[in-house]
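Asks: Got a structure for you, questions after.
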Amino acid sequence: MKILNFGSCNVDNVYSVDHIVNAGETIATYKLELFPGGKGLNQSIAVARAGAEVYHAGCIGTDGDMLADILSDSGVDLTYLRKENIKNGHAIIQVDKTGENSIFLYKGSNYMITKDFVDEVLENFSSEDFLLLQNEINNVSYIIDAAYKKGIKIVLNPSPFNEEIQQIDLSKITYLILNQVEAKGFSGKETPEEFFAFAEKNYPDLKIILTLGKRGCIFCDKDSYFEHPSFMVETVDTTGAGDTFAGFFVSSVAEGKSYQEAIKIASAASALAVSKMGAATSIPYKKDALEALNYLKPYNYKKKDKLAKKREVIFKYIEENLENACLEDLSKALGYSESYTGTMVKRVTGEAFSQLLKKKRCMTAAELLGETDFSIGEIINKIGYENESFFRKIFKETYGKAPLEYRKLYRKN
Ligand code: RIB
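Letter 279 of the sequence shown, counting from 1, is numbered 1652 in my numbering, and no numbers are missing.
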């Protein structure tokens, strides 16, 4: 039994931002980091790190060598990975301070999959094997038809969802791993219950894993139905968490584990993945996921909601009082002692109050430098710094450039 993953490989350009940019808005970013990614690559790495034999089929471009490197370092077989004379696919990803993301994709080399290439690869696989697929390469429906004819077990993660994937004949799929937006896209149904009823009627043999974000997931096929909670961790970056889940699930099922067990390990692995920055780089190894099952706790809504509310109050206070914000005032506003407030801020945001304030001030300064002609003096008045040399030092530490240098570069771009 082998696992073949026909999928994308992306260079992820990850920008850390205060909030996801709105239409018509320009914002400064805290930093840019490059990570290996792409749903295909992430899932292959997850399958391999979960311990199974996996072949990645797909195309990288002229700038994609680091992607081949991480695949092979993780133990993925690259016999069917081609290099094309074209720019690699890439993703532009914003990650906000709560760890949520927003992504747009450049297809590049990921759309160089020819039907001949598909046929050539599939010749080496049989009904013993699994085929894992997402929707970031071209010719997905051709791959499904060809694999189905050979009796290969197909695991589809229909993401990102679009009209093309909506046309797929789901009766050819063995396992469908999808989220609620995708479930609605296929069925037009709002709730999990309605979706499962739709699937049971139209695709009775389908095994479905419906992921519900922090609420965990539901497994449903004609023989069983069960829910599994997600595990509670501090969210740093959710990018690639779904891919980690899919890869670990497939690996465990291929190994012969029960669906319950496979979902438990996959949930632990994806919890570990969200607690780190980056997609592929945040995917854990099997031993770490198994070990985490000893200490991870199921997600607790009430506790998390309370923390989220406190975080919101702190950020709002800083935003509205940028010039004069101080811990003493915040503690008065909250009705706590100053020392308790300091500890609480650190606990719910992961950073000290002074650090948060510094970040927000620098970010506002960067916005004003880019978008207005205010002098440095005017800017430091607005953000609440009295000392210009201190501001220059802090700005350089945060953005790697002096304020006026930053303005020049920003305007040039
Ligand atoms: O699922 C996460 C992935 O989606 C990222 O790595 C990015 O490349 C996009 O394809």
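All residues carry an ideal CB built from backbone N, CA and C; glycine is no exception. Source: prediction; values computed, not measured.
So H1601 packs on G1589, CB below 8 Å; how close in whole Å?
Replies: Counting from one through the sequence shown, the residue named residue 1601 turns up at place 228. Counting from one through the sequence shown, the residue named residue 1589 turns up at place 216. Contact flag correct, Cβ pair sits at about 5 Å.
Asks: Return yes when the Cβ of L1505 is within less than 7 Å of the Cβ of V1491, no when it is not.
Replies: Counting from one through the sequence shown, the residue named residue 1491 turns up at place 118. Counting from one through the sequence shown, the residue named residue 1505 turns up at place 132. The answer is no: Cβ separation not under 7 Å.
Asks: Assuming G1472 contacts V1609 under a Cβ cut-off of 8 Å, what Cβ separation, rounded to an integer in Å, is found between them?
Replies: Residue 1472 sits at position 99 when you count from the first residue of the sequence shown. Residue 1609 sits at position 236 when you count from the first residue of the sequence shown. With 8 Å as the limit, G1472 and V1609 qualify as a contact, their Cβ atoms being about 5 Å apart.
Asks: Tell me whether A1464, by its Cβ, gets closer than 6 Å to a heavy atom of the ligand RIB.
Replies: Taking the first residue of the sequence shown as 1, we reach residue 1464 at position 91. Yes, the Cβ of A1464 comes within 6 Å of a heavy atom of the ligand RIB.
Asks: Unbroken alpha helix (DSSP H) runs of length 4 or more, entirely within the segment 1634-1707: which are they?
Replies: The segment 1634-1707 contains these whole alpha helix (DSSP H) runs: 1659-1665, 1674-1693, 1700-1707.
Asks: In chain order, what residues of the same chain lie with their CB nearer than 6 Å to the CB of P1671, ignoring the 5 residues before and after it?
Replies: As a position in the sequence shown, residue 1671 is number 298, starting the count at 1. P1602.
Asks: With H, G and I counted as helix, E and B as strand and the rest as coil, what does DSSP make of P1776?
Replies: Stepping through the sequence shown from its first residue, residue 1776 is reached at position 403. Three-state result, P1776: helix.
Asks: What is the C-beta distance between D1385 and G1410, in whole angstroms, given that I count them as a contact (C-beta under 8 Å)?
Replies: Residue 1385 sits at position 12 when you count from the first residue of the sequence shown. Residue 1410 sits at position 37 when you count from the first residue of the sequence shown. Indeed they touch by this definition, with Cβ atoms about 4 Å apart.
Asks: For S1475, which beta-bridge partners are listed by DSSP?
Replies: To locate residue 1475, count along the sequence shown from 1; it is residue 102. Q1467.
Asks: For a quick check, are the C-beta atoms of G1434 and S1389 less than 7 Å apart?
Replies: Reading the sequence shown from its first residue, position 61 is the one you call residue 1434. Reading the sequence shown from its first residue, position 16 is the one you call residue 1389. Cβ distance not < 7 Å, so G1434 and S1389 don't count as in contact.
Asks: Does DSSP classify I1753 as helix, strand or coil?
Replies: Within the sequence shown, residue 1753 is the residue found at index 380, counting from 1. Correct three-state label for I1753: helix.
Asks: Is I1756 closer than 7 Å to A1738 when the C-beta atoms are compared?
Replies: Residue 1738 sits at position 365 when you count from the first residue of the sequence shown. Residue 1756 sits at position 383 when you count from the first residue of the sequence shown. Cβ distance < 7 Å, so A1738 and I1756 count as in contact.
Asks: Residues in the same chain with beta-carbon distance under 6 Å from M1650, minus the five sequence neighbours each way, listed in chain order, please.
Replies: Within the sequence shown, residue 1650 is the residue found at index 277, counting from 1. Excluding positions up to five away in sequence, the list reads V1609, D1610.
Asks: How is A1425 classed by DSSP in three states: helix, strand or coil?
Replies: Position 52 of the sequence shown holds residue 1425. Correct three-state label for A1425: coil.
Asks: Consider the C-beta atom of I1656 and the heavy atoms of the ligand RIB; say whether any pair is separated by less than 6 Å.
Replies: As a first step, residue 1656 is located in the sequence shown; it is residue number 283 there, counting from the start. Answer for I1656: no, Cβ out of range of the ligand RIB.
Asks: Return the bridge partner residues of I1582 from the DSSP annotation.
Replies: Looking up residue 1582 in the sequence shown gives position 209. Per DSSP, I1550, F1592.
Asks: How is I1433 classed by DSSP in three states: helix, strand or coil?
Replies: Your numbering for residue 1433 matches position 60 in the sequence shown. The answer is strand: DSSP assigns I1433 an E or B state.
Asks: Can you name the start and end residues of the alpha helix (DSSP H) that K1375 belongs to?
Replies: The sequence position of residue 1375 within the sequence shown is 2, counting from 1. It is not in any alpha helix (DSSP H) - K1375 carries neither H nor E in the DSSP assignment.
Asks: Identify, in the order they occur along the chain, each residue of the same chain with its Cβ nearer than 8 Å to the Cβ of F1604, setting aside the five sequence neighbours on each side.
Replies: Taking the first residue of the sequence shown as position 1, residue 1604 is located at position 231. Taken in chain order, the residues that qualify are S1640, A1641, A1644, A1665, L1669, K1670, P1671, Y1672.
Asks: Just to confirm before moving on: does the CB-CB distance between A1425 and S1624 stay below 7 Å?
Replies: Residue mapping note: residue 1425 aligns to position 52 of the sequence shown, counting from 1. Residue mapping note: residue 1624 aligns to position 251 of the sequence shown, counting from 1. Yes, Cβ-Cβ distance for A1425 and S1624 is below 7 Å.
Asks: Can you tell me which of Y1428, N1667, K1719, Y1709 puts its alpha carbon nearest to the alpha carbon of T1452?
Replies: Your numbering for residue 1452 matches position 79 in the sequence shown. Among Y1428, N1667, K1719, Y1709, the Cα nearest to that of T1452 is on Y1428.
Asks: Would the beta-carbon of L1549 fall within 7 Å of that of L1579?
Replies: By 1-based counting over the sequence shown, the position of residue 1549 is 176. By 1-based counting over the sequence shown, the position of residue 1579 is 206. Yes; because the gap between Cβ atoms is below 7 Å, this pair is in contact.
Asks: Let me know if E1493 comes out buried or exposed under the rule of 16 or more other beta-carbons within 10 Å of its beta-carbon.
Replies: Position 120 of the sequence shown, counted from the first residue, corresponds to residue 1493. That one is exposed.
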